[in-house]
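2 protein chains.
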Amino acid sequence: MAVTIRQISEACGVSRGTVDRVLNNRGKVRPETEAMVRREAARLGYRKNLAGQALAARKKNYTIGVLMLSEGVEFFDEVLAGIRQAESEIRDYGIHIEVVTMKGYHIEEQAERMREMSSRIHLLILHTVNDPRIAREIDCLEESGIPVITLNTDVEGCRRLCHVGCDFIKSGRTACGLLGLISPGGAQIGVATGTVLSLGHNQRISGFAQLCREHFSGFEIKDVIETLDDDETAYVQTKAMLSRHPELTAVYVVASGASGVCRAIKEAGRNLTVIANDRTPSVSRLTENGQIAAVIGQEPFQQGYKAVILAFQYLVGESRPEQEVWYMKNEILIRENLS
Amino acid sequence: MAVTIRQISEACGVSRGTVDRVLNNRGKVRPETEAMVRREAARLGYRKNLAGQALAARKKNYTIGVLMLSEGVEFFDEVLAGIRQAESEIRDYGIHIEVVTMKGYHIEEQAERMREMSSRIHLLILHTVNDPRIAREIDCLEESGIPVITLNTDVEGCRRLCHVGCDFIKSGRTACGLLGLISPGGAQIGVATGTVLSLGHNQRISGFAQLCREHFSGFEIKDVIETLDDDETAYVQTKAMLSRHPELTAVYVVASGASGVCRAIKEAGRNLTVIANDRTPSVSRLTENGQIAAVIGQEPFQQGYKAVILAFQYLVGESRPEQEVWYMKNEILIRENLS
DNA sequence: CTGAAAGCGCTTACAG
DNA sequence: CTGAAAGCGCTTACAG
């Protein structure tokens with residue numbers, strides 16, 4: 001039989017309330033009493049029963065807020081699916097989720113939205129951009145007792161509770177390592193990034209370049225274009241890159257825009273190895289028909305799921321996440337293990 | 001506020017016990033009363049609070065049994081780690097786990113062990129071999145009210161609750177698809193399987209061969225050897241295969257024995273593309289130093305974790321798993337995303 | 001600084 | 001066929 005608070009209280013000859021005060025550091029306990037309770041708890045091997053705790057927590061009616069700059073971005077559909085999955089699990093414990101999505105990158109507008117949500121929520125899961133104004137807003141929330149979990153993209157210089165995302169450097173290294181297997185003889189590479197303003201995109205490129213230097217002396221990055229995460233721009237830019245560089249043998253697509261990139265390659269009648277990031281429906285189709293050789297995924301579903309579970313454990317279990325940063329896996333997806 | 005049993009009982013003018021009887025199909029309720037309760041539950045959108053249910057379930061003192069033929073097999077260390085992780089989570093709800101591991105494939109001995117454990121457990125997670133005697137034993141347990149979840153390897157023709165493992169066909173197809181990217185010009189392939197008696201090993205090979213036929217006309221399987229999941233045997237057999245087939249360009253290692261295979265290749269001074277299954281510590285080392293090009297993983301940690309979580313949900317949540325078969329992902333692991 | 005009591009939502013013997 | 005009551009383990013306002 002598992003040890004309960006009642007057993008500790010009986011062993012010590014104090015009330016259960018007192019044991020609770022000690023074990024949850026609520027203060028107002030005589031030092032000797034506290035020491036005795038801690039000793040007995042340790043001796044008996046006490047572990048809190050989460051069911052009891054969760055049931056008691058029902059009275060607080062917790063709500064978790066989710067705010068994402070995700071509207072119109074395919075990638076986030078799977079993140080949202082993970083959030084919904086976790087929601088349906090924690091709903092069974094009486095916890096609610098309020099999801100708000102926004103379109104584009106409007107800093108002030110998002111900050112305003114954060115303030116507005118704060119009155120109704122006990123914790124915020126936030127997908128945003130790495131901007132000092134947002135960092136300040138996060139600190140405000142933290143001060144008013146609402147912890148923030150950053151999702152997918154971290155925010156530097158703020159007191160967020162933790163970050164759930166993926167290791168972008170490793171993502172770039174994985175793309176490069178895979179290209180090394182495909183083209184052991186060397187490669188002339190064009191890089192199609194989203195924007196040079198994105199920290200994540202740049203980290204992927206630098207991971208890729210890093211491994212080129214370490215292991216693949218036959219790899220050369222000949223050009224970097226920006227797709228602005230838009231297929232039309234990607235198409236135009238890729239077309240131009242291909243005519244500038246007839247020697248290209250591979251393209252690394254760092255962010256959105258793979259469809260445009262592939263269209264330009266196809267029209268030019270070139271046979272290039274394309275490695276892309278993030279399995280969206282359109283990227284899946286291109287991989288199935290062979291235009292994309294492989295996709296580096298970042299477990300979007302798990303990202304959403306994990307963020308909510310950490311939030312739940314923090315609120316109900318009163319336990320800070322064990323790690324400050326939670327990275328999901330960098331998956332390699334080809335036609336055969338895509339779905 | 002979430003809807004509770006109390007609210008339904010008040011809305012219907014019956015006791016909470018009666019609502020419980022209806023909602024959990026315990027019978028002994030007048031049909032009209034039952035209809036009314038169901039109508040109100042649906043109208044109010046009732047969902048069971050798991051915390052309450054789990055707390056009440058504490059009185060049952062559930063124990064989950066785990067029985068595995070895993071001793072001395074590196075692969076299962078990660079499966080066990082997943083089981084331990086899940087254990088530490090559900091222990092917080094007062095559920096216990098008893099793990100028993102055995103060495104080798106002794107059918108009668110394992111059947112005996114199953115019977116012996118059955119007196120102490122409420123559900124069994126079982127890793128075994130696909131044998132009719134085990135199937136019969138599983139049915140016995142099911143009949144005596146102890147459901148069985150098969151882990152990693154399924155058992156045919158029995159009434160197990162569900163299966164947690166991976167899609168071996170897809171695993172073989174993924175290995176082949178990856179080799180297709182590495183060797184677009186074709187490959188002469190040697191296959192090193194564990195034993196031709198293992199259903200899983202055979203499924204991997206047939207998945208591999210399937211895709212050869214569908215997509216890679218330049219691929220030829222020239223030879224199949226058995227490692228008996230043993231490095232020494234693998235070494236000897238590979239050595240013989242290499243001298244029989246000087247034309248080989250690739251080896252697909254289906255089961256354990258990759259170290260032996262690689263040693264033989266190295267000694268022969270041959271430069272072959274090796275694709276292996278399952279990231280064990282020794283396979284990781286060989287991948288890091290480039291002797292293995294890529295590893296197809298089957299998420300061993302997740303397998304163990306998922307099996308326990310399904311068991312927990314079945315016992316405490318009284319909910320049958322939604323699926324009869326739970327497949328983990330087939331991961332592609334190369335040096336850069338190995339750890 | 002401490003205790004007694006009520007409550008979170010579900011289940012279960014027991015009485016009728 | 002149904003209800004009243006106790007209990008699972010933890011937390012919390014209240015009284016002292």
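Protein chains in written order, with full-length UniProt numbering: chain A, 1 to 339; chain B, 1 to 339.
Even glycine gets a Cβ: it sits at the ideal position worked out from N, Cα and C.
Between the options, which has its C-alpha nearest residue i's C-alpha?
i, options, result
"His127/B", "Met68/B, Gly180/B, Gly72/B, Arg160/B", "Met68/B"
"His96/A", "Arg21/A, Ile309/A, Asp167/A, Ile332/A", "Ile309/A"
"Leu228/A", "Thr249/A, Leu197/A, Gly177/A", "Leu197/A"
"Leu161/B", "Leu178/B, Asp167/B, Leu179/B, Cys140/B", "Cys140/B"
"Ala268/A", "Gly257/A, Thr249/A, Glu318/A", "Thr249/A"
"Ala111/A", "His122/A, Leu179/A, Tyr327/A, Ala135/A", "Ala135/A"
"Lys222/A", "Val254/A, Ala187/A, Asn49/A, Glu87/A", "Ala187/A"
"Gly13/A", "Gly27/A, Val37/A, Arg21/A", "Val37/A"
"Ser119/B", "Gly65/B, Gly180/B, Glu71/B, Tyr235/B", "Gly65/B"
"Ser339/B", "Ile5/A, Glu336/A, Gly145/A, Tyr327/A", "Tyr327/A"
"Leu333/B", "Leu272/B, Ala293/B, Gln302/B", "Ala293/B"
Shorter than 6 Å, the distance from the beta carbon of residue i to the closest heavy atom of the ligand PLP, or not?
i, result
"Leu178/B", "Because no ligand of any kind appears in the structure shown, any question about the ligand PLP cannot be addressed here."
Under 7 Å between C-beta atoms, does residue i make it to chain A?
i, result
"Asp20/B", "no"
"Gly269/B", "no"
"Gly177/B", "yes"
"Ala42/B", "no"
"Arg173/B", "yes"
"residue 341/B", "The displayed coordinates of chain B run from 1 to 339. Any statement about residue 341/B would go beyond what the structure contains."
"Leu151/B", "no"
"Leu161/B", "no"
"Asp92/B", "yes"
"Ile332/B", "yes"
"Gly52/B", "yes"
Tell me whether residue i is buried or exposed, calling it buried when 16 or more other Cβ atoms sit within 10 Å of its Cβ.
i, result
"Glu143/A", "exposed"
"Pro147/B", "buried"
"Lys170/B", "buried"
"Arg159/B", "exposed"
"Ala51/A", "buried"
"Ala57/A", "buried"
"Glu247/B", "exposed"
Would you mind reading off the limits of the alpha helix (DSSP H) that contains residue i?
i, result
"Gly45/A", "From DSSP, Gly45/A is part of no alpha helix (DSSP H); its letter is neither H nor E."
"Asp20/A", "16-23"
"Met114/A", "107-118"
"Glu10/B", "5-12"
"Thr287/B", "281-288"
"Val79/B", "75-90"
"Leu248/A", "Premise fails: Leu248/A is in no alpha helix (DSSP H) and is neither H nor E."
Report yes or no: is there a C-beta of chain B within less than 7 Å of the C-beta of residue i?
i, result
"Thr4/A", "no"
"Asn289/A", "no"
"Leu141/A", "no"
"Glu336/A", "yes"
"residue 354/A", "Given a span of 1 to 339 for chain A in the structure shown, any question on residue 354/A remains unanswerable."
"Ala107/A", "Contrary to the premise, residue 107/A reads as Ile rather than Ala in this sequence. Closer than 7 Å: no."
"Ile169/A", "no"
"Tyr252/A", "no"
"Leu55/A", "yes"
"Ala293/A", "yes"
"Asp278/A", "no"
"Leu124/A", "no"
"Leu181/A", "yes"
Please report the residue range of the beta strand (DSSP E) in which residue i lies.
i, result
"Val295/A", "294-297"
"Thr63/A", "63-68"
"Ala192/A", "187-193"
"Asp223/B", "219-226"
"residue 397/B", "Outside the displayed span of chain B (1 to 339) sits residue 397/B, for which this structure offers no information."
"Ile134/A", "Segment 132-143 is the alpha helix (DSSP H) holding Ile134/A; no beta strand (DSSP E) there."
"Gly165/B", "162-166"
"Leu199/B", "Premise fails: Leu199/B lies in the alpha helix (DSSP H), 199-215, not in any beta strand (DSSP E)."
"Leu333/A", "331-333"
"Glu98/B", "96-101"
Quick one: any contact between the stretch 98-106 of chain B and the stretch 316-327 of chain B, if contact means 3 or more CB pairs under 8 Å?
no
Quick check: the stretch 36-44 of chain A against the stretch 289-303 of chain A, are there 3 or more CB pairs under 8 Å?
no
Counting pairs of Cβ atoms below 8 Å between the stretch 200-218 of chain B and the stretch 233-250 of chain B, do you hit three or more?
no
Does the stretch 278-292 of chain A come close enough to the stretch 70-89 of chain A that 3 or more CB-CB pairs lie under 8 Å?
yes
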